[in-house]
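In the numbering used here, the protein residues as written are 41 to 124.
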């Protein structure tokens, strides 16, 4: 999928900033409230799996579209991203 050169860097940077902002309060609240720690574990696991899904998504959109089987490879990467 042809994209501008800076788009991937902006996507990675924006996602990292937003995920960092989301993980920080969740971690601080987990340390403050030890009563229901399983809920915070699930929230942090969700953020971890979402980060892995974003990795596969960015890998899919930055795939070389001149590759002979590009459509199949991109579909596979998007499918993996959706499953994760």
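Even for Gly, the Cβ is constructed at its ideal location relative to N, Cα and C.
Worksheet item: Any idea if residue 61 is buried or exposed, counting beta-carbon neighbours within 10 angstroms, 16 or more meaning buried?
Response: The sequence position of residue 61 within the chain shown is 21, counting from 1. Exposed is the label assigned to residue 61, since fewer than 16 other Cβ atoms lie within 10 Å of its Cβ.
Practice prompt. Count the CB pairs spanning the stretch 51–66 and the stretch 90–103 that are closer than 8 Å, and state whether there are at least three.
Written response: By the criterion of at least three beta-carbon pairs nearer than 8 Å, the stretch 51–66 is in contact with the stretch 90–103.
Fill in: Residue environment, residue 52, which counts as buried when at least 16 other CB atoms sit within 10 Å
The residue given as residue 52 occupies position 12 in the chain shown. When all chains shown are included, residue 52 counts as exposed.
Worksheet item: How is the alpha helix (DSSP H) around residue 77 delimited, first residue to last?
Response: Taking the first residue of the chain shown as 1, we reach residue 77 at position 37. For residue 77, the uninterrupted alpha helix (DSSP H) segment begins and ends at 77–101.
Practice prompt. Could you pull the start and end residues of the alpha helix (DSSP H) that residue 109 belongs to?
Written response: Taking the chain shown and counting its residues from 1, the one referred to as residue 109 is at position 69. Element bounds for residue 109: n/a, residue is neither H nor E.
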